[in-house]
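The structure under discussion appears below in the form of structure tokens.
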Ligand SMILES: Cc1ncc(COP(=O)(O)O)c(C=O)c1O
Ligand SMILES: Cc1ncc(COP(=O)(O)O)c(C=O)c1O
Ligand code: FES
Ligand code: FES
């Protein structure tokens, strides 16, 4: 199934035809140039069809019914789990379906609150999940709010203390600070694989080793990496990784958590209810094993099936090819931006390994004005703080303009962006 | 928009044509007779189309982008919120989108855990949300696990004590016990509007008054009522109600919580991350107002839009007409079952106001055998404990066979079920 | 009706008149298994020969669907008084048949009336029903042996 | 380009050479507002006449996009030295225009250069930009009056 991932050149024009939205016109009958895939990706027809097919032919109570349709729906749901699990090289039982990466990260953080409170009232839980006041949680200054606020909240409820790896003025992780930040008090290290603002890739080996050297749990926010490059869970040295389906061609409404068997075994349930119990009486309930232990209620089965189709689509292209294509676009973009006077790029600008998410400023112009004029030309970029306020503070800006690509973008999209930026300068007469 | 809800007769044959799945064949080229809508409903074409239209024409980062598509997507998302809010007669700000009813109920229960723990470490929270050991939570013995296990879990983490209104041997709430169960120690009363096993409707006025007489919060699991009858939040006297989109013709992956402004104001966030914050620094974050405070992360926007279309579809039919039609079917079903020797109906069998969910047993036969033979005739009923184990214990059975209807079922479906039951008896030679 | 592949006459017969039902004493090992999907249960008791190589007596009590009841009754007929070696061969053959999706030539010497259960393999939701008694018996034997 | 409806010449002119920017003392009331969607900010100061009926001096400092900067500058021109009554009329007219989706005949006497902002009303995401200074001014006036 997987493409051999040689350095082949992808036929992007052909790929574009798979995405219905790319043929729509936007403002002023302009062709849509979609450069906001870091926020959410577009969906190929096969994903839309897979969902429709679910609703039109097998929709029913997954894992609950014993009749024919329910059998088919359950099979499709679990087949999707197998496909997605294989994509990151784990067993299906290691893959938990959530609603988005944010829920996945909250699931992790609430495990500590729940374990800590359950012991207080006499339940037996694994000691490693218990937080005491003064215990420490380490994140970084370039986290998306989804990998920051849940840990702040956990601290507010347990007396644990949040520490962070600072970023340099260029917005890169200052690894030299890790040693002084990590100690036996550190219980959790949670870090993003790739910045959704700067595109920079974290040295996970270094951070993971530091975490493991003090016996801390090591979690990764893989929202921006799994969609864009080959990711093998077993090679990350992590206890768990979280990401979203909607950023990798899948439907909205489905997120993922991959974790070690051991972590899944010791974490108490997060959301509780039907389909995750073994026995229930009014007095007491016991829970099934992972992944179902963490999937209370009617699951987003059509979405899981849609995401399964998205993964198969990506596998056909080959993730190394996806990454190579995006590196090619990134180089075009970064080189092009460097050549425009009055543009400041935030984050890595040399040819190091990085993602295709590029934040920049047009000197003297406000990102919302930049975005507005680009939008008028059909170019969709993101302006704002990208749910990563602390990076903005460090860069001393309120917001940035961000362009990000995916497999359906081609050289002409980058060209359009670069020309669009010239037009923005002209429009505001600042050049 | 809303149908005048006179006692008109619905054109069910016409309605059936709106549901693509109903034209599929199941085992042995049988027509599908779907009698499991209490688990999940089927979806009309307009709902499938609304989702497709989202993905094919406006998919983008809702509430995050400033470009044209993002504007359209945000508008569509908020328009859906307005439609669904109006459906239960609340303001849009009172409607929180979750992933399913189970999450909605957990959101409520975690508010108490979070508030309780946050005060312990110095945050200011509303006192009414703080639980002390010995405080009481009142549910009933006929709850779905989704309205039972989260409260059990909350007790395990706070030392609160779970109490329950028992059910009679017929499986109905024993209201006479409420007075002795409720006291100033009662902080929360959470009860289902309609049983998903027996179809019985709770006397909410009575329970709500009891809750309010001691100053307890009053929550309602409205999973089985909102899809099947007119529900006006303002008339329920509740602080919050929870239900799911997928049981009311909407997509999977979207749940709802409707609550009073006051409760939404005082509840701390549940899942935290992006899109629900006001300011974030590494030290501290502040949160937006409801509903966004409770909607961290990328929302299931296509699903919300699909559910909006489902609600418009239901409004055109008129909820009173839906309810009347289902009462008609229920009467057919209950009368028919009564006439078959060897069938035991659980729950109300007289002509009282009740939902169309009917549980029963074929004496001497196991529900899974019953379901299997019916399935072979194309009839999809649910067998099992229906995520309501305590009712089973009370009925002294492991499981029941359950048939439930919706607007796409007609008299011939009930006839097929009744004939199917005769066939089951014949097949096993027990008649 | 295709269904008669699953509910063969001999299965319905075992269901209606189960052989060997009812727990017996003395016994060397007992196991209680629950089918998690439906909550149905079985208890199996085993008494082994002194050398631990033969099943002197197997007995059971159970509640459940026709498939699980018939399977227990058939198992009883097939393994009561047999060697552990025979039990293992039968049990392996039965498991293989259940996982075959129906694509299987069952060995009647090993399974007895159990060959009639091949139709169940086509109904994934019911495979656990058929396996319940065999799994419990396996456990009971392990426990009986542990006591030696 | 349709965009020139929003970014009219006069708006770009106010943006590039803002009138009255820079906080002044003395003042009777001050308000600091943040646009939650972008984080941009404005501080407005107001000094009222002794009878509280006239704006003797309005001043502001702000960071933000062209629309918000131009709007503040235009507001300054329109209301500095005017009566509170005039301020309220202008402010109401401006709000009405912004909520009109562009379907509006703005009154130039009340809005001055502000009539050029009608194009902004067609871009929902930018309406808050245009309103930011007016809302802050309103608050500053209330506070100045509270001090009386
Ligand atoms: C009464 C009741 N409550 C709660 C639920 C849980 O809903 P969901 O599975 O959509 O979260 C259901 C349905 O499964 C139900 O019938
Ligand atoms: C790095 C990173 N982490 C977390 C998230 C949150 O993902 P979601 O909004 O799908 O929950 C995102 C995207 O929004 C992201 O880019
Ligand atoms: S349904 Fe319970 S054992 Fe078959
Ligand atoms: S974008 Fe911030 S005020 Fe306009």
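Chains as they are written, first to last, in my numbering: chain A, 68 to 498; chain B, 68 to 498; chain C, 97 to 244; chain D, 97 to 244.
Note that CB positions come from ideal geometry on N, CA and C, so glycine has one too.
Quick caveat, the model's predicted, so the values are computed rather than measured.
- Residue 295 of chain B and residue 401 of chain B do not touch by the CB rule: their CB atoms are close to 16 Å apart, not below 8 Å.
- Linking residue 309 of chain B to residue 410 of chain A through their CA atoms gives a straight-line distance of about 50 Å.
- Taking 8 Å as the cut-off, the beta carbon of residue 122 of chain A is found closer than this to the beta carbon of residue 110 of chain B.
- Within the region 196-229 of chain C, the residues whose Cβ lies closer than 9 Å to any Cβ of chain A are, in chain order, 219, 220, 221 and 222.
- Using a Cβ-Cβ cut-off of 8 Å, residue 133 of chain B counts as an interface residue toward chain D, since at least one Cβ of chain D sits closer than that to its own.
- Residue 209 of chain A places its beta carbon less than 8 Å from that of residue 455 of chain A.
- With a cut-off of 8 Å on Cβ pairs, the region 276-294 of chain B is in contact with the region 242-258 of chain B, counting three or more such pairs.
- When DSSP states are grouped into helix, strand and coil, residue 194 of chain B belongs to the helix group.
- In the structure shown, residue 129 of chain D falls within a strand segment according to DSSP collapsed to helix, strand and coil.
- Taking C-beta separations shorter than 7 Å and ignoring five residues to either side along the sequence, the partners of residue 212 of chain C in its chain run 104, 106 and 107, following chain order.
- Relative to ligand 3, the beta carbon of residue 222 of chain C is positioned inside 7 Å of a heavy atom.
- For residue 199 of chain C, the Cβ stays outside the 7 Å cut-off from all heavy atoms of ligand 3.
- Interface criterion met: the Cβ of residue 349 of chain B is under 8 Å from a Cβ in chain A.
- Taking 8 Å as the threshold, the shortest C-beta distance from residue 429 of chain B to chain A does not fall below it.
- Using a CB distance below 7 Å, the part of the region 161-195 of chain C facing chain B consists of 161 and 162, ordered along the chain.
- In this structure, residue 337 of chain A lies near residue 174 of chain A, with their beta-carbon atoms less than 8 Å apart.
- If you check the C-beta of residue 214 of chain A against ligand 3, you find no heavy atom less than 7 Å away.
- At least one heavy atom of ligand 1 falls within 7 Å of the beta-carbon of residue 322 of chain B.
- Between residue 366 of chain B and residue 133 of chain D, the alpha-carbon positions lie close to 17 Å from each other.
- A buried status is given to residue 440 of chain B, since no fewer than 16 other beta-carbon atoms sit within 10 Å of its beta-carbon.
- For residue 206 of chain B, the enclosing beta strand (DSSP E) covers residues 203-207.
- Annotation: Cβ neighbours of residue 440 of chain B in chain C (cutoff 7 Å, chain order): 99.
- Within the region 453-471 of chain B, the residues whose Cβ lies closer than 7 Å to some Cβ of chain C are 465 and 466, listed in chain order.
- Burial is judged here by how many other beta carbons sit within 10 angstroms of a residue's own beta carbon; residue 217 of chain A has at least 16 and is buried.
- Residue-level contact check: residue 167 of chain B touches chain A, since one or more beta carbons of chain A fall below 8 Å from its beta carbon.
- One finds nothing in chain B with a Cβ atom closer than 7 Å to the Cβ of residue 294 of chain A; even the nearest lies about 13 Å away.
- Rounded to the nearest whole angstrom, the C-alpha separation of residue 327 of chain B and residue 184 of chain D is 34 Å.
- According to DSSP, residue pairing for residue 101 of chain B in a beta bridge involves B:447.
- Within 10 angstroms of the beta-carbon of residue 126 of chain B lie 16 or more other beta-carbons, which makes it buried.
- Under a criterion of Cβ atoms nearer than 9 Å, no residue of chain A is adjacent to residue 486 of chain B; the nearest Cβ is some 17 Å distant.
- Under a criterion of Cβ atoms nearer than 7 Å, the residues of chain A adjacent to residue 132 of chain C are, in order, 345.
- With distances taken between CA atoms, residue 471 of chain B lies nearest to B:267 out of B:192, B:163, B:267 and B:82.
- Note that the C-beta distance between residue 213 of chain B and residue 320 of chain A is not below 8 Å.
- In this structure residue 265 of chain B is in contact with residue 415 of chain B, their Cβ atoms being roughly 7 Å apart against a cut-off of 8 Å.
- No heavy atom of ligand 1 is found nearer than 7 Å to the CB of residue 260 of chain A.
- Within a 10 Å sphere around the beta-carbon of residue 351 of chain B sit fewer than 16 other beta-carbons, which makes this residue exposed.
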